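Student: Same order as they appear, the protein sequences are chains A and B. By numbering that gives the first Met the number 0, the letter at position 257 of the first sequence is numbered 256, and the numbering carries on one by one without gaps. By numbering that gives the first Met the number 0, the letter at position 11 of the second sequence is numbered 10, and the numbering carries on one by one without gaps. Once you've had a glance at the structure underneath, I'll fire off some questions.
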Amino acid sequence: MSSVSIKNVWKEYGNQVILEQVNLEVPEQSFVSIVGPSGCGKSTFLRMLLSQEKPSRGEILIDGESLADEPSAERGVVFQRYSVFPHLTVAENVALGLEFEQSPWLGKLFGKKKRQALAEAEHFLEAVGLVEARDKYPTALSGGMQQRLAIAQALIKKPRILLLDEPFGALDPGIRADMHELMLRLWQESKMTVFLVTHDLREAFLLGTRLITFDRPRQHAEEVGFYGATITYDVPLHASDPLKKQAEQFEDVEELTQSSANLSNPSHRDDPVVDVAVAK
Amino acid sequence: MRRIINRKPDRHLSLFLALLPFALLLLAYVISSEVRLAENPSDKLLPGLTKFSEAITRLAFQADQRTGDYLLWTDTLASLSRLASGMLAATAIGAFCGVTIGLIPMVRCGLSPLVAVLSMTPPLALLPILFIVFGLGELSKVVLIVIGIAPFLIRDVALRVQELPSEQLIKAQTLGANSWQLAVRVVLPQTWPRLIDSVRLSLGPAWLFLIAAEAVASQSGLGYRIFLLRRYLAMDSILPYVAWITFLAYLLDFVLRKMQDKLFPWFAAERGH
Numbered sequence: 000m001s002s003v004s005i006k007n008v009w010k011e012y013g014n015q016v017i018l019e020q021v022n023l024e025v026p027e028q029s030f031v032s033i034v035g036p037s038g039c040g041k042s043t044f045l046r047m048l049l050s051q052e053k054p055s056r057g058e059i060l061i062d063g064e065s066l067a068d069e070p071s072a073e074r075g076v077v078f079q080r081y082s083v084f085p086h087l088t089v090a091e092n093v094a095l096g097l098e099f100e101q102s103p104w105l106g107k108l109f110g111k112k113k114r115q116a117l118a119e120a121e122h123f124l125e126a127v128g129l130v131e132a133r134d135k136y137p138t139a140l141s142g143g144m145q146q147r148l149a150i151a152q153a154l155i156k157k158p159r160i161l162l163l164d165e166p167f168g169a170l171d172p173g174i175r176a177d178m179h180e181l182m183l184r185l186w187q188e189s190k191m192t193v194f195l196v197t198h199d200l201r202e203a204f205l206l207g208t209r210l211i212t213f214d215r216p217r218q219h220a221e222e223v224g225f226y227g228a229t230i231t232y233d234v235p236l237h238a239s240d241p242l243k244k245q246a247e248q249f250e251d252v253e254e255l256t257q258s259s260a261n262l263s264n265p266s267h268r269d270d271p272v273v274d275v276a277v278a279k
Numbered sequence: 000m001r002r003i004i005n006r007k008p009d010r011h012l013s014l015f016l017a018l019l020p021f022a023l024l025l026l027a028y029v030i031s032s033e034v035r036l037a038e039n040p041s042d043k044l045l046p047g048l049t050k051f052s053e054a055i056t057r058l059a060f061q062a063d064q065r066t067g068d069y070l071l072w073t074d075t076l077a078s079l080s081r082l083a084s085g086m087l088a089a090t091a092i093g094a095f096c097g098v099t100i101g102l103i104p105m106v107r108c109g110l111s112p113l114v115a116v117l118s119m120t121p122p123l124a125l126l127p128i129l130f131i132v133f134g135l136g137e138l139s140k141v142v143l144i145v146i147g148i149a150p151f152l153i154r155d156v157a158l159r160v161q162e163l164p165s166e167q168l169i170k171a172q173t174l175g176a177n178s179w180q181l182a183v184r185v186v187l188p189q190t191w192p193r194l195i196d197s198v199r200l201s202l203g204p205a206w207l208f209l210i211a212a213e214a215v216a217s218q219s220g221l222g223y224r225i226f227l228l229r230r231y232l233a234m235d236s237i238l239p240y241v242a243w244i245t246f247l248a249y250l251l252d253f254v255l256r257k258m259q260d261k262l263f264p265w266f267a268a269e270r271g272h
């Protein structure tokens, strides 16, 4: 729903440069996948989009306006872990966003208003397939269900921008494939602009309308720290892109092999690296 | 033969093992008491079991000749009401100050060094001051308990609040929460069960301060009574009182634990991980 422009953004801690010269124009309704090696500042980048951190230089604009300097309801987020509230049931977790909005003092609704909020939450639970679990506490849910809950919780605020920080990283491949379908469907329905940070290249190709990579162009040991990472590749991905097809096939194949591998060896949960870029 | 670390007692054996030390202690007492009484029948140090039951009957079920009170119960009521008011006040202070210190950086910078210093002041050293300021009545005893355990509760709650994953606080903000809503809907509800844990830990010190204050200046209370009876070497009354105090402390701890399970079912599940 919103366009995002990132203008010459730098991030430094002391004289450590983390990110430098990051420039990016993201039109509305984009799905931007962000990949890169560990420690290259992808998550820092996402935290800046969230206003959890401020850029040292440069600026970030949403629809031409400066970013609010603290997290706000226009930008939803799903983290890899700890995104849901353990003391609230599934339905209460989702309704919480409405309660904050409608009850400024207690942050809690009662009676008819509460029922309305829970009814609305129910729609979002349906969208992510959690209706059955509505009265459970998050600790009773599997990892995949918790992430679906976190997504429903974020969507009820109808954010213009959704930020995903490795949301599916801790999930089994089969469940991850389901989550990919869910995410694509929700994105198409809601017209949000999505930023997804991931370690999984296949996921990045499959979901994104655009893939960007962060990396440090200078790799010498003595230079690391003085030069930060920046955007090294910026690949547009059309729905018809052969790479997307390939990623989809890999996902199907892996779902099969992984489920049989899991049967024979339950301890094997690591995601085998399938480098789609090489297949190009 | 399995390693001893892998051998676990079944239910009956666990119960037996749990009761065994108590039974041995009792046995040791009875034997020592017999030995001493055989030597000197008027020995007051380790009275026999019949002496105890007489003393308990006198204190719990017969009205005191001077005041007409049933001493054990009036003492218990006096002590428990002091303890309860002190603990409730300290808990309220701990929750309020702990959450604000843990959640709001400006308050944390302003107050946490002060709390750290205050928590190092020995509360009993403040008792004379409390007696001077608040008089010898109920208030000074309650205040001693509050001063004794509130700093610990504040620091503990503040630490627990800071331990909450930052993701949760960020998420709440993206759901539109202001600071107040965040405190009352996200932080405080998650603080209560943890606060019960720290209240349980501070029950011991709370009893210590209560008994000390009662011993120094009081006209009623369990602590007052045992220190009074000490003058008469009345071990037959003192020991049952001590056992009763221990039982009350254990009972309070048990009630708090059950309350935690009942009121915060999500907490047990979360801690199980």
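In this text, a Cβ means the ideal position worked out from N, Cα and C, and glycines have one as well. On a predicted model such as this, the values are computed, not experimentally measured, just so you know.
1. Report all residues from its chain with a CB closer than 8 Å to the CB of S259 (chain A); omit the five preceding and five following residues, and keep chain order.
2. Please work out which residues of its chain come closer than 8 Å, Cβ to Cβ, to A116 (chain A), disregarding the five sequence neighbours upstream and downstream, and give them in chain order.
3. Would the beta-carbon of P158 (chain A) fall within 8 Å of that of A72 (chain A)?
4. Using a Cβ-Cβ cutoff of less than 8 Å, which residues in the same chain neighbour V254 (chain B) once the five nearest sequence positions on both sides are dropped?
5. Can you list, in chain order, the residues of its chain whose CB lies under 8 Å from that of I155 (chain A), leaving out five sequence neighbours each side?
6. Under 8 Å: do the segment 43 to 62 of chain B and the segment 104 to 116 of chain B share three or more Cβ pairs, one atom per stretch?
7. Go through its chain and collect everything with a Cβ distance to L12 (chain B)'s Cβ below 6 Å, but skip five positions before and after it.
8. Would you identify the three-state DSSP class for K140 (chain B), choosing helix, strand or coil?
9. So with Cβ pairs under 8 Å, would you call Y136 (chain A) a contact of chain B?
10. Take every Cβ of the segment 220 to 240 of chain A, pair it with every Cβ of the segment 4 to 22 of chain A, and state whether three or more of those distances are shorter than 8 Å.
11. Any chance the segment 183 to 200 of chain B sits against the segment 119 to 136 of chain B, with 3 or more Cβ pairs inside 8 Å?
12. Quick check: what's the CA-CA separation for H198 (chain A) versus H219 (chain A)?
13. When you check each C-beta in the segment 159 to 170 of chain B against every C-beta of chain A, which residues fall closer than 7 Å?
14. Can you tell me the Cβ-Cβ gap for L125 (chain B) and I146 (chain B), rounded? I've got them flagged as a contact below 8 Å.
15. Let me confirm a value: W104 (chain A) is counted as buried when at least 16 other C-beta atoms fall within 10 Å, else exposed. Which label applies?
16. For L205 (chain A), which residues of its own chain have a beta-carbon under 7 Å away from its beta-carbon, when the five flanking residues on both sides are left out?
17. Could you work out which residues of chain A lie near T173 (chain B), taking near to mean beta carbons separated by less than 9 Å?
18. Would a C-beta distance cut-off of 8 Å place L210 (chain A) and V234 (chain A) closer than the cut-off?
19. Report the rounded CA-to-CA distance for Q161 (chain B) versus T49 (chain B), giving the unit in angstroms.
20. Give the secondary structure of F194 (chain A) by DSSP, where H, G and I count as helix, E and B as strand, and everything else as coil.
21. Relative to the ligand PLP, is the shortest distance from any of its heavy atoms to the C-beta of L125 (chain B) smaller than 7 Å?
22. Pick helix, strand or coil for A228 (chain A), following the three-state DSSP scheme.
23. For Y223 (chain B), is the classification buried or exposed, using 16 other Cβ atoms within 10 angstroms of its Cβ as the cut-off for buried?
24. By Cβ distance, which residues of its chain are closer than 6 Å to V185 (chain B), with the 5 residues on each side in sequence left out?
25. Taking C-alpha atoms, which residue in B:G67, B:S139, B:L44, B:I131 lies nearest to I82 (chain B)?
Tutor: Taking the definition as stated:
1. Walking along the first sequence from the start, residue 259 (chain A) turns up at place 260. With a pLDDT of 49 at S259 (chain A), under the threshold of 50, the predicted position of this residue should be treated as unreliable, though the coordinate-derived value follows. None.
2. Numbered from its first residue, the first sequence carries residue 116 (chain A) at position 117. Excluding positions up to five away in sequence, the list reads A94, L97, E98, Q101, L108.
3. On the first sequence, residue 158 (chain A) is found 159 positions in, with the first residue counted as 1. On the first sequence, residue 72 (chain A) is found 73 positions in, with the first residue counted as 1. Taking 8 Å as the Cβ cut-off, P158 (chain A) and A72 (chain A) qualify as a contacting pair.
4. Translated into the one-based positions of the second sequence, residue 254 (chain B) becomes position 255. If we look at V254 (chain B) and ignore the five residues flanking it on each side, it has no Cβ neighbours.
5. Against the first sequence, residue 155 (chain A) aligns to sequence position 156. Here the set comprises V93, A94, G96, L97, E119, A120, F123.
6. no
7. Here residue 12 (chain B) refers to the residue found at position 13 when the second sequence is read from its first residue. For L12 (chain B), where only same-chain residues beyond five positions count, there are no Cβ hits under 6 Å.
8. Residue mapping note: residue 140 (chain B) aligns to position 141 of the second sequence, counting from 1. K140 (chain B) falls in the helix class under three-state DSSP.
9. Counting from 1 along the first sequence, the entry for residue 136 (chain A) is found at position 137. At least one chain B Cβ lies under 8 Å of Y136 (chain A).
10. yes
11. no
12. Reading the first sequence from its first residue, position 199 is the one you call residue 198 (chain A). Reading the first sequence from its first residue, position 220 is the one you call residue 219 (chain A). Rounded to the nearest angstrom, the gap between the Cα atoms of H198 (chain A) and H219 (chain A) is 23 Å.
13. P164, E166, Q167, I169, K170
14. Walking along the second sequence from the start, residue 125 (chain B) turns up at place 126. Walking along the second sequence from the start, residue 146 (chain B) turns up at place 147. That belief holds up - the Cβ atoms of L125 (chain B) and I146 (chain B) are roughly 6 Å apart, short of 8 Å.
15. Walking along the first sequence from the start, residue 104 (chain A) turns up at place 105. That one is exposed.
16. As a first step, residue 205 (chain A) must be located in the first sequence, where it is residue number 206. The answer, listed in chain order, is H179, K243, A246, E247, E250.
17. Counting from 1 along the second sequence, the entry for residue 173 (chain B) is found at position 174. The contacting residues are L49, P70, S71, A72, E73, R74, G75, V76, G96, A153, K156, P158, L162.
18. Translated into the one-based positions of the first sequence, residue 210 (chain A) becomes position 211. Translated into the one-based positions of the first sequence, residue 234 (chain A) becomes position 235. Yes. Within cutoff.
19. Sequence index remark: in the second sequence, residue 161 (chain B) carries index 162 (1-based). Sequence index remark: in the second sequence, residue 49 (chain B) carries index 50 (1-based). The straight-line gap from Cα to Cα measures roughly 55 Å.
20. Counting from 1 along the first sequence, the entry for residue 194 (chain A) is found at position 195. The answer is strand: DSSP assigns F194 (chain A) an E or B state.
21. Absence of the ligand PLP from the depicted structure is noted, as is the absence of any ligand whatsoever, leaving it without description.
22. Within the first sequence, the letter at position 229 stands for residue 228 (chain A). Strand at A228 (chain A).
23. Within the second sequence, the letter at position 224 stands for residue 223 (chain B). When all chains shown are included, Y223 (chain B) counts as buried.
24. The residue given as residue 185 (chain B) occupies position 186 in the second sequence. Correct list, in chain order: A171.
25. Your numbering for residue 82 (chain B) matches position 83 in the second sequence. Checking the sequence, you will find Leu at residue 82 (chain B) rather than Ile. Of B:G67, B:S139, B:L44, B:I131, the residue nearest in Cα terms is B:S139.
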